[in-house]
Amino acid sequence: MSATSPLPATVRTRRGPHLSGLTWLIWRQHRSAFWTGLVLLAVFAAFVVTRRSGMVADIDAHNLAGCVYESPEARCEEVNAFRGRFYDVMHYTGLLVSFVPLVIGVFLGGPLLSRELENGTYALSCTQSVSRTRWIAFKLGVPALVTLIGTSAVAALYTWWWQPADTLMKGMYWYESPFNNVGVVPVALSLLALVTGAAIGMVLRRPVAAMAVTCAVAVVGWVGVNVLRPLLWPVREVTVDRITADYFGSPIPLGHLIPNAWPTDLPNKSYSAWNLDSGYLTSSGDHFTSGACGDFTAASAKCLKAHDVVGAWAQYHPASHFWPMQWVMAGLLLAVTAAVTAFAVWWARHRA
418 MSATSPLPAT VRTRRGPHLS GLTWLIWRQH RSAFWTGLVL LAVFAAFVVT
468 RRSGMVADID AHNLAGCVYE SPEARCEEVN AFRGRFYDVM HYTGLLVSFV
518 PLVIGVFLGG PLLSRELENG TYALSCTQSV SRTRWIAFKL GVPALVTLIG
568 TSAVAALYTW WWQPADTLMK GMYWYESPFN NVGVVPVALS LLALVTGAAI
618 GMVLRRPVAA MAVTCAVAVV GWVGVNVLRP LLWPVREVTV DRITADYFGS
668 PIPLGHLIPN AWPTDLPNKS YSAWNLDSGY LTSSGDHFTS GACGDFTAAS
718 AKCLKAHDVV GAWAQYHPAS HFWPMQWVMA GLLLAVTAAV TAFAVWWARH
768 RA
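597 is the number that my numbering gives to position 180 of the sequence shown; each next residue is one higher, with no gaps.
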């Protein structure tokens, strides 16, 4: 090679994985939402780690491991104070977290397809060797993957925070906060909200209208989910053959408390059960509504005697039903998600 010969050009190659094609385009279109979600997830993770470490240290310091709310054990007397220190922040944080599916559906799902349909830019994508099926698959698939990863992380963090205190907090198994925020249910709820918002946006072709309708549908769906919840698994029933109680040092008030037999399938875990309904039992075995005779006074005692009440009954879900009901709920939500996704693909191919 002579001294005057030009040096060969250096070809720079990009190392490592990188986005390209439709994946890159969709990331660019929604990068603000994705980065905002990542920052919020990091803040939430730091908050949970801090709160959980303090809570676990408190449990260890007061030897509360294995205790339950209202436990008769002497070492568990501190449970009420523990609840006062940690319940509110866990409960209200859970309420905020329960809005994550709504936010995803409204602010990510609603404009996801409607903005391109309103502007007509989707037609440009579909004229550049991109079929409508491929376009809708990527438009839904990339945000769905981000939603899956993000909400799985949120659910895992909240579950990790909640589990050390699940038996120390009255009703914590069954309040909407833990049930809709732990395990697989929040992930399924978020995916359904995303594709529902996207499908509504595809039909309406107006981002603002799609966001408003998605919000309304999400609220109705939230109510429906909580109405459906007690029906997800067969309930259990317990009966007792007496109607006097020392639970509060007095007879049963309104029939809502079962004397010495509060339903549970775990020792000393009375507050882990979800009491759905309760009342009185007649000598013939018939159920008698708990409020029919009013408060337990002399008049109500005569009323109970007139109806030949000899015991009490309660229908409930024990704590052991919690995770089976989680999986059933998630399965139903994912089935609806699949149906809505199929509708969105059909609409994109034939109507968009």
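Note that CB positions come from ideal geometry on N, CA and C, so glycine has one too.
Selection from the options that minimises the alpha carbon distance to residue i
| i | options | result |
| --- | --- | --- |
| G527 | W650, R622, G696 | R622 |
| P647 | W691, V636, A626, A635 | W691 |
| V571 | W740, A463, V727, F739 | A463 |
| A731 | L698, C710, H738, M742 | L698 |
| V634 | R502, F499, L457, P518 | P518 |
| L525 | I443, R766, S695, C720 | I443 |
| V773 | R448, T706, V601 | Since the first residue shown for the chain is 418 and the last is 769, residue 773 is missing from the structure and cannot be characterised. |
| V465 | V757, T453, H508, V604 | H508 |
| M472 | A498, A747, G454 | A498 |
| T440 | R551, M742, P595, W639 | R551 |
| N597 | H767, W740, Q446, R502 | W740 |
| V742 | F555, V520, L645, I521 | Note that residue 742 corresponds to Met in the displayed sequence, not to Val. If we check each option's Cα against that of M742, L645 comes out closest. |
| G638 | R768, R445, F516 | F516 |
| R502 | R445, Q446, A474 | A474 |
Limits of the alpha helix (DSSP H) - the one that residue i falls within
| i | result |
| --- | --- |
| W639 | 624-645 |
| G501 | 496-514 |
| F555 | 549-579 |
| W452 | 448-478 |
| W764 | 739-767 |
| G527 | 527-536 |
| T613 | 602-621 |
| L519 | 517-520 |
Residues near residue i by beta carbon distance below 7 Å, same chain, minus five either side
| i | result |
| --- | --- |
| A761 | I553, L557, V612, A615, A616, M619 |
| E495 | H479, L481 |
| I675 | The predicted model places I675 with a pLDDT of 38, which falls under 50 and marks its position as unreliable, so this point remains unresolved. |
| V599 | A572, Y575, T576, W579 |
| E535 | R622, R623, P624 |
| G510 | Looking at the sequence shown, residue 510 is not Gly but Thr. Counting only Cβ-Cβ distances below 7 Å, and skipping sequence neighbours, we find nothing. |
| K719 | none |
| G567 | G454, L458 |
Sequence-distant residues of the same chain with beta carbon closer than 6 Å to residue i, five excluded per side
| i | result |
| --- | --- |
| V630 | I617 |
| N480 | R492 |
| A747 | V601, V602, A605 |
| P680 | Note that P680 scores a pLDDT of 39, beneath 50, so its modelled location is shaky and nothing firm can be said. |
| D725 | T699, S700 |
Endpoints, the beta strand (DSSP E) within which residue i is located
| i | result |
| --- | --- |
| Q732 | 726-734 |
| L481 | Here L481 belongs to no beta strand (DSSP E), and DSSP marks it neither H nor E. |
| G702 | It is not in any beta strand (DSSP E) - G702 carries neither H nor E in the DSSP assignment. |
Residues near residue i in its chain [Cβ-Cβ closer than 8 Å; skip 5 each side]
| i | result |
| --- | --- |
| A759 | none |
| L683 | Here L683 scores only 35 on pLDDT, less than 50, and its place in the model is too uncertain to base an answer on. |
Min CB distance residue i to chain D below 8 Å
| i | result |
| --- | --- |
| A747 | As a matter of chain content, chain D is missing from the structure shown, which is built from one protein chain. |
Presumed contact (8 Å Cβ cut-off) between residue i and residue j, rounded CB distance
| i | j | result |
| --- | --- | --- |
| L608 | T754 | 5 Å |
| A627 | S531 | 4 Å |
| P624 | I476 | That belief does not hold up - the Cβ atoms of P624 and I476 are roughly 47 Å apart, past 8 Å. |
| F451 | V563 | 6 Å |
| V745 | W650 | 7 Å |
| L785 | L750 | As displayed, the chain neither begins before 418 nor continues past 769, which places residue 785 out of reach and without an answer. |
| R549 | A765 | 5 Å |
| C632 | V523 | 5 Å |
| V642 | L693 | Not really, about 17 Å apart at Cβ, beyond 8 Å. |
| R468 | V506 | 6 Å |
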